[in-house]
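Position one of the sequence shown corresponds to residue 0 (numbering that gives the first Met the number 0), numbered consecutively onward. Glycine residues also receive a C-beta, built at the ideal position from the N, C-alpha and C atoms. Predicted model, so just to flag it, every value in this text is computed and none were measured. Structure record follows, encoded as structure tokens.
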Amino acid sequence: MADMAEMTGTASMAGMFEYHVLTIGQFSRNCFWGEDDGRAYRGAVCTSTLVKGAKNIVADPSLPPEEMAAVLYNRSGLRPEAIDAVFVTHAHGDHYVGIECFPNAKWYMSATDLEAMLASADGRERELAGRMIPASPGFVEGVGLLAAPGHTLGTAAMLFDSADGRVAVCGDAAMTRDFFRARKGYYNSADFALSAQSIDRLAEAADIVVPGHGNYFINRRQGAGI
Ligand SMILES: [Zn+2]
Ligand SMILES: [Zn+2]
0 MADMAEMTGT
10 ASMAGMFEYH
20 VLTIGQFSRN
30 CFWGEDDGRA
40 YRGAVCTSTL
50 VKGAKNIVAD
60 PSLPPEEMAA
70 VLYNRSGLRP
80 EAIDAVFVTH
90 AHGDHYVGIE
100 CFPNAKWYMS
110 ATDLEAMLAS
120 ADGRERELAG
130 RMIPASPGFV
140 EGVGLLAAPG
150 HTLGTAAMLF
160 DSADGRVAVC
170 GDAAMTRDFF
180 RARKGYYNSA
190 DFALSAQSID
200 RLAEAADIVV
210 PGHGNYFINR
220 RQGAGI
């Protein structure tokens, strides 16, 4: 557990969590399918994940509030009131479309992206940002935080232990397994070198990765034990 403590500043991992993908993402252009980065082929929906434990967290609520509530119920049997926290991986609108589905939960995002959102010209963005709390390691007991800048400068992953191993929900730090394996940032990334470094750190930190716009996948960590 030493590696986790060093990375996150949490003394230990409290408990285990389950992870359930609520929506599998899609996105506008996929260079791994031969698509051109210069145009949009389809709309974007991000991957949204329920992290269930002593506290329940929804990462990146991807659908409008009513649809989000329906998907949550259909995938988990839970109503929005059962959600204690929402974690937004970064300040792109498709990652908090449904955040108002959870008015009683605490909303978290990295301080860096929160600042960017507070400075936004868009009134709704500023209002939502005003209700968010800067995420820090242990923002929910047993949950770590890994800075994964590059896509945006404040992109962050949440880390936790599950029966399958250590999980990183990393948002657009990795769009899909293909982007992760190629250490490649998405076309709209703020800094591609930083994106590659962040994927390297995720590859050291997690056994299972939930990316920003695809299904979860296995990452074989070298020499890692949990
Ligand atoms: Zn994004
Ligand atoms: Zn996204």
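Asked: Taking R28 as the reference, which of T175, Y107, F191 and C100 has the closest Cα?; Found: T175
Asked: Is any heavy atom in ligand 1 found nearer than 7 Å to the beta carbon of G211?; Found: yes
Asked: With 16 other CB atoms within 10 Å as the buried threshold, where does F159 fall?; Found: buried
Asked: Hey, which residues come within less than 6 Å of ligand 1, measuring from Cβ to any heavy atom, in chain order?; Found: H89, H91, H150 and D171
Asked: Less than 8 Å separating the beta-carbons of H150 and H89?; Found: yes
Asked: Smallest Cα separation from A204: which of L152, R165 and N73?; Found: R165
Asked: Is it true that the stretch 95-103 meets the stretch 64-76, where meeting means three or more beta-carbon pairs spaced less than 8 Å apart?; Found: yes
Asked: With a threshold of 8 Å, are at least 3 pairs of Cβ atoms found where one atom belongs to the stretch 204-217 and the other to the stretch 175-187?; Found: yes
Asked: Just to check, is the beta-carbon of C100 closer than 7 Å to a non-hydrogen atom of ligand 2?; Found: no
Asked: With a threshold of 7 Å (Cβ to nearest heavy atom), would C169 be considered close to ligand 2?; Found: no
Asked: Assuming contact is defined by CB atoms lying nearer than 8 Å, are A84 and V139 in contact in what I supplied?; Found: yes
Asked: If you draw a straight line from the alpha carbon of S161 to that of G122, how long is it in whole angstroms?; Found: 38 Å
Asked: Should I82 and N55 be called a contact, given that it needs their Cβ atoms to be closer than 8 Å?; Found: yes
Asked: Out of D171, S109 and A120, which has the shortest C-alpha to C-alpha gap to G143?; Found: S109
Asked: Could you compute how far the alpha carbon of G37 sits from the alpha carbon of G14?; Found: 45 Å
Asked: When you compare each of M116, A172, V50 and A202 to Y95 by their alpha carbons, which one comes out closest?; Found: M116
Asked: Does the beta-carbon of H19, which I'm using as the reference point, lie nearer than 7 Å to any heavy atom of ligand 2?; Found: no
Asked: Any idea what DSSP makes of P63, helix, strand or coil?; Found: coil
Asked: Taking 7 Å as the cut-off, does the CB of A68 come closer than this to any heavy atom belonging to ligand 2?; Found: no
Asked: With a cut-off of 8 Å on the beta carbons, I'd call C30 and H212 a contact; round off their distance for me.; Found: Their Cβ separation, rounded to whole angstroms, is 13 Å, which puts C30 and H212 out of contact at 8 Å.
Asked: Start and end of the alpha helix (DSSP H) containing S47?; Found: From DSSP, S47 is part of no alpha helix (DSSP H) but of the beta strand (DSSP E) over S47 to K51.
Asked: Name the one or two DSSP bridge partners that D160 has.; Found: R165
Asked: Identify every run of the alpha helix (DSSP H) within the stretch 83-147, keeping only runs that are complete inside it and at least 4 residues long; order them along the chain.; Found: 110-117 and 122-129
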